[in-house]
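What follows is a short report on a single structure.
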Amino acid sequence: MNNSVDVLLTYPTDGLRLFQSMIPTGLISIGTVLKNAGYSVKIIDFNHYSNDFRRELRRMSPKVVGIGGTTPSRMGSFLTSRIVKNIFPQVPVVYGGVHASFTASNTLQNIKTIDYIIKGEGEFSFLKLCDILTGNINEPISSVSGLVWRQGTTIVENRPQRIDDLSLLPVPDRTLTGNDYTLKMEFTGKRGDFIMTSRGCPAACNFCAASRMFPGGVRTRPIESVMDEIESLMSTKHIEGLKIFDSTFTANREHVEQFCKSIQEFAIHWECEIRADTVDRELLSLMRASGCYYINIGMETVNKEHLKKIAKGISSDQVLNVLDICKKLDIRSKVFFTFGHIDQTLLECKQDIDFIKSNKSKIDFFGVTVGLRVYPGTRLEREYTKNGRDINWSKSVKHFANILIGEPGDVPVVFQKQLGPLKLSYILMILLKNRFVCTEKFLIRMAIENILNIVKLITLNLRYTRHRIERLINPV
Numbered sequence: 489m490n491n492s493v494d495v496l497l498t499y500p501t502d503g504l505r506l507f508q509s510m511i512p513t514g515l516i517s518i519g520t521v522l523k524n525a526g527y528s529v530k531i532i533d534f535n536h537y538s539n540d541f542r543r544e545l546r547r548m549s550p551k552v553v554g555i556g557g558t559t560p561s562r563m564g565s566f567l568t569s570r571i572v573k574n575i576f577p578q579v580p581v582v583y584g585g586v587h588a589s590f591t592a593s594n595t596l597q598n599i600k601t602i603d604y605i606i607k608g609e610g611e612f613s614f615l616k617l618c619d620i621l622t623g624n625i626n627e628p629i630s631s632v633s634g635l636v637w638r639q640g641t642t643i644v645e646n647r648p649q650r651i652d653d654l655s656l657l658p659v660p661d662r663t664l665t666g667n668d669y670t671l672k673m674e675f676t677g678k679r680g681d682f683i684m685t686s687r688g689c690p691a692a693c694n695f696c697a698a699s700r701m702f703p704g705g706v707r708t709r710p711i712e713s714v715m716d717e718i719e720s721l722m723s724t725k726h727i728e729g730l731k732i733f734d735s736t737f738t739a740n741r742e743h744v745e746q747f748c749k750s751i752q753e754f755a756i757h758w759e760c761e762i763r764a765d766t767v768d769r770e771l772l773s774l775m776r777a778s779g780c781y782y783i784n785i786g787m788e789t790v791n792k793e794h795l796k797k798i799a800k801g802i803s804s805d806q807v808l809n810v811l812d813i814c815k816k817l818d819i820r821s822k823v824f825f826t827f828g829h830i831d832q833t834l835l836e837c838k839q840d841i842d843f844i845k846s847n848k849s850k851i852d853f854f855g856v857t858v859g860l861r862v863y864p865g866t867r868l869e870r871e872y873t874k875n876g877r878d879i880n881w882s883k884s885v886k887h888f889a890n891i892l893i894g895e896p897g898d899v900p901v902v903f904q905k906q907l908g909p910l911k912l913s914y915i916l917m918i919l920l921k922n923r924f925v926c927t928e929k930f931l932i933r934m935a936i937e938n939i940l941n942i943v944k945l946i947t948l949n950l951r952y953t954r955h956r957i958e959r960l961i962n963p964v
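Under this note's numbering, read the sequence shown as residues 489 to 964, first letter to last.
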C-alpha cells in the first residue's frame with residue numbers, strides 16, 4: 489500500500505494546547521488549493537496528534553513539507569523542521585503564517601532547518617513554489633511572490649502577494665486534517681465550527697498585525713461560497729452554531745446584510761467580532777434576526793489618552809451604546825480589556841476595573857489580558873525595541889515573571905517601572921476575586937482538560953519509549 493504524499497502540511501502545538509479547538513484555517517486553505525491542483529496532501533495538527541511522527545513521516549516520504557504556526561507555537565514549528573531535516577535532509581521545508589511573515593529574516597538567519605518562508609497570503613505562492621520544487625514548471629524560485637530564501641550569505645525577500653479576489657479560493661476541504669474538531673459554542677454548549685468570510689481589518693491597533701498581514705482594506709468572500717461551506721458543515725458535521733473568525737465581521741455592511749439574509753434558511757445561531765463604529769441598531773437587529781446571539785467587541789481601556797496611543801479608533805461611549813442595544817436585542821456580549829498599556833499607571837488600571845464593575849450588568853463575559861503581549865509585525869514591537877530592548881524571535885522568551893500574570897505561553901510581555909510583574913499580578917488577583925477573568929465552572933473545565941492533556945502526554949511518551957526499545961532490539 490502506497491501511503492506517500494506529495495506535500496505534508498503541519499501545524500504545531502504551543503505545548504499547552506490552549507487553542508486545540510481551533511482549526512488551522514490557513515493550512516486547510518493552502519492544502520485545498522494544492523489538492524485541486526493535483527497534489528496529494530496530508531495535514532497534521534499536533535494539537536490533535538498522538539502518533540509517532542517520525543515513523544509516519546518516513547512512511548509518507550513527502551516531496552515538500554510546509555509548516556504553519558503562531559508566535560506562541562514557533563518553537564514547535566522549529567522542532568518540526570529539525571525532525572524533518574534529520575530524516576529527509578534534501579526535502580524542502582517551507583514556513584509560513586503571520587509569525588513567519590514578520591520574522592522571516594531572523595528565522596532564516598537562525599533556523600537552518602527551514603529553507604524557505606512565504607510571507608502574507610500563501611495559497612498561490614506556495615502552489616507555485618511546489619510546482620517549481622517538484623519540477624512541474626521550469627521557473628526560478630525568485631519568481632514566487634512573498635518568498636524569502638537564502639542566496640549565499642544573503643537573505644532575499646520578495647514582495648508578498650495580495651489576493652484581491654477571494655472568489656479565486658476554493659471552499660476549504662476540512663477532510664484534509666482527518667480530525668473532528670469539537671467547538672462548543674459559548675453559553676449554549678452546542679456543537680459549532682469556525683468559518684472565515686473575509687480577510688483584513690479596518691483598524692490599525694498598535695498591538696495587532698492583522699491590517700499589515702492583509703493590507704489594503706477588507707476583502708470579502710462571495711456569499712455563495714460562504715453558504716456552500718456552511719451547508720457542507722451542517723450536513724457533514726451536524727453543527728448547530730458558527731464562530732465567524734473574521735478580524736472585524738461588520739467591516740463591510742453590505743457583506744453583513746447579504747450574509748444575514750442568506751443564512752436565515754439554515755436556522756443556525758452564530759457569533760462574530762465587531763467594532764463599535766461599524767454597527768448600529770438597524771444592523772444589529774438584522775444580525776439578531778438571522779441568528780446572531782453573541783458578539784465580541786474590543787474596548788481595551790476607558791482612558792482616552794491610551795485609546796489614542798494604541799490607535800483603537802473608538803471611544804468607551806461608543807462601546808457602551810452598542811452594549812445597550814445588544815442588551816435590548818438579547819445579543820450576549822464579550823468585551824476585551826487589556827491591563828498594562830505603555831505608560832499606563834496602577835491608578836488607571838483601577839479606573840478600568842471600576843468601569844467594569846459599574847457596567848457588569850451590560851456585559852455577559854470579559855476577555856481580560858493582564859500584561860501587554862508583544863507580537864511581531866506590530867507597531868508595539870517597534871515601540872518596545874526602539875529603546876535598546878531586543879527580541880530574538882528564534883529563541884524562547886519564557887520568563888518566570890510571565891507566570892505571575894497568567895501568561896503560560898512563549899510571548900514577550902511588557903513590564904514597566906510603574907507596572908511591573910508584582911503590580912500586574914495584583915491587578916490579576918483583583919480581577920480573579922471579582923470573577924472578571926474566569927468562573928468556577930471555567931476553572932473546573934480547565935482542570936479536567938489539563939488532566940486529560942497530561943494523560944495524553946504520558947501515553948505519547950510511553951509509545952515513544954516502546955518505539956525506541958523496539959529500534960534497539962530490531963534496528964532498521
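A virtual CB, placed ideally from N, CA and C, is assigned to each residue, including glycine. Being a predicted model, the structure only gives us computed values, none of them experimental.
Beta-carbon proximity list for residue i, same chain, < 7 Å, skipping 5 on both sides
| i | result |
| --- | --- |
| R707 | D652, L654, S686, R687, G688 |
| L817 | L772, S773, R776 |
| S750 | I711, M715 |
| Y527 | D494, V495, C618 |
| V767 | T738, V810 |
| I727 | R679, G680, D681, L721 |
| S633 | S613, N646, R647, P648, Q649 |
| T927 | Residue placement at T927 is poorly supported in this model, since its pLDDT is 47, which falls under 50; the coordinates still yield a value, given next. So no residue of the chain qualifies. |
| I942 | Confidence is the limiting factor: at I942 the pLDDT is only 48, short of 50, which leaves the residue's position unreliable and the question unanswerable from this model. |
| S492 | M548, S549 |
| F754 | I718, M722 |
| K725 | D681 |
| I932 | Legend: pLDDT at I932 = 49, less than 50; position of this residue unreliable, value from coordinates given subsequently. None. |
Terminal residues of the beta strand (DSSP E) in which residue i lies
| i | result |
| --- | --- |
| S821 | 820-827 |
| L497 | 495-499 |
| I980 | Residue 980 is absent from the structure shown; the chain starts at 489 and stops at 964. |
| K731 | 729-732 |
| S527 | Here residue 527 turns out to be Tyr, not Ser, going by the sequence shown. Where Y527 is concerned, there is no enclosing beta strand (DSSP E), given that its DSSP letter is neither H nor E. |
| F854 | 853-858 |
| V767 | Careful: V767 lies outside any beta strand (DSSP E) and carries neither H nor E. |
Sequence-distant residues of the same chain with beta carbon closer than 8 Å to residue i, five excluded per side
| i | result |
| --- | --- |
| V885 | I879, D898, V899, P900 |
| K523 | V529, D661, L664 |
| F930 | Because F930 sits at a pLDDT of 47, beneath the cut-off of 50, its placement in the model cannot be relied upon, and the point is left open. |
| L808 | N847, K850 |
| E742 | none |
| M967 | It is not possible to answer for residue 967, since the shown part of the chain is limited to 489 through 964. |
Residues bridged to residue i (per DSSP)
| i | result |
| --- | --- |
| G557 | Bridge partners of G557: none, in fact. |
| N784 | E761, K822 |
| Q639 | T642 |
| K672 | R679 |
| G610 | Its beta-bridge partners do not exist; DSSP assigns none. |
| T708 | S686 |
| V902 | L860 |
| I605 | Y583, V636 |
| V552 | V495 |
Residues near residue i by beta carbon distance below 6 Å, same chain, minus five either side
| i | result |
| --- | --- |
| K573 | T601 |
| N791 | E836 |
| E627 | I620 |
| D603 | P580, V581 |
| T857 | T826 |
| I531 | L497, L515, G519, L664, T665 |
| I915 | F827, C837, V858 |
| G855 | K822, F824 |
Endpoints, alpha helix (DSSP H) assigned at residue i
| i | result |
| --- | --- |
| R570 | 562-575 |
| I863 | A quick correction: the sequence has Tyr, not Ile, at residue 863. Note, Y863: premise wrong, no alpha helix (DSSP H); not H, not E. |
| Y914 | 909-921 |
| N594 | 592-598 |
| Q746 | 741-751 |
| H794 | 792-797 |
| N624 | Element bounds for N624: n/a, residue is neither H nor E. |
| C837 | 834-846 |
| D831 | Here D831 belongs to no alpha helix (DSSP H), and DSSP marks it neither H nor E. |
Residue-chain proximity (residue i, chain B), Cβ-Cβ < 8 Å
| i | result |
| --- | --- |
| M775 | Looking for chain B here will not work: only one protein chain is present. |
Check whether the stretch 580-593 touches the stretch 856-875, counting contact only when three or more Cβ pairs, one atom from each stretch, lie closer than 8 Å. yes
Check whether the stretch 693-707 and the stretch 732-750 touch, using three or more Cβ-Cβ pairs below 8 Å as the test. yes
Evaluate contact between the stretch 634-652 and the stretch 788-804, counting only Cβ atoms and requiring at least three cross-stretch pairs below 8 Å. no
Stretch-stretch touch, CB-based, cutoff 8 Å, three pairs: the stretch 564-573 with the stretch 540-555: yes
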